[in-house]
Amino acid sequence: MAEKRFLSPDTLPAPFGYSHVVDSPADRIVYISGQVPLDAEGQLVGEGDFEAQTRQVFENLTRALEAADAAWGDVVKLNYFLTDLTQITSVRAIRDQYVDTERPPASTLVMVSGLFRPDVMVEIEAVALPA
């Protein structure tokens, strides 16, 4: 049986106490930790700008998928954590630039009063089933 790969690519901010990606080759299930709008140096992108933060999160998810040799077409589940549900239209518009809108992944949306830092407004985690 192939070993699981615990990946934290240097194209994402350094994780503290978690892996950005867990790739389970036996099942080919890829679990991506919640991504936030930090660049590879750990700097916040889009302070006070929900759309800019969301774009950075989707770019981070793209990098995490690439680290596991997966792509957006492999994503079967997205879990969203937003501090402002009035932003869902812009979140969906940005998401639609990444996913197949004819076959979108299953999704869960949770409104939260805050995330791990007060200036972070969005976090998204993903599950992918690469071929």
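210 is the number of the first residue of the sequence shown in the numbering used here; add one for each residue after it.
Ideal placement from N, C-alpha and C gives every residue a C-beta, glycine not left out.
- Contact between the region 221-239 and the region 290-309 is absent: fewer than 3 CB-CB pairs across the two stretches fall below 8 Å.
- The DSSP-derived three-state label of residue 299 is helix.
- With a cutoff of 8 Å on beta-carbon distance, residue 329 and residue 246 are scored as near each other.
- DSSP places residue 304 within a helical segment (H, G or I) once states are collapsed to three.
- If you draw a straight line from the Cα of residue 276 to the Cα of residue 230, it comes to about 8 Å.
- According to the DSSP assignment, residue 214 belongs to the beta strand (DSSP E) that extends over 214-216.
- Using a Cβ-Cβ distance cut-off of 8 Å, the region 231-241 and the region 254-267 are not in contact, since fewer than three pairs of beta carbons, one from each stretch, lie closer than that value.
- Contact check between the region 284-297 and the region 317-336: three or more CB pairs, one atom from each, fall below 8 Å, which counts as touching.
- Per DSSP, reduced to three states, the secondary structure at residue 245 is coil, with no helix or strand assignment.
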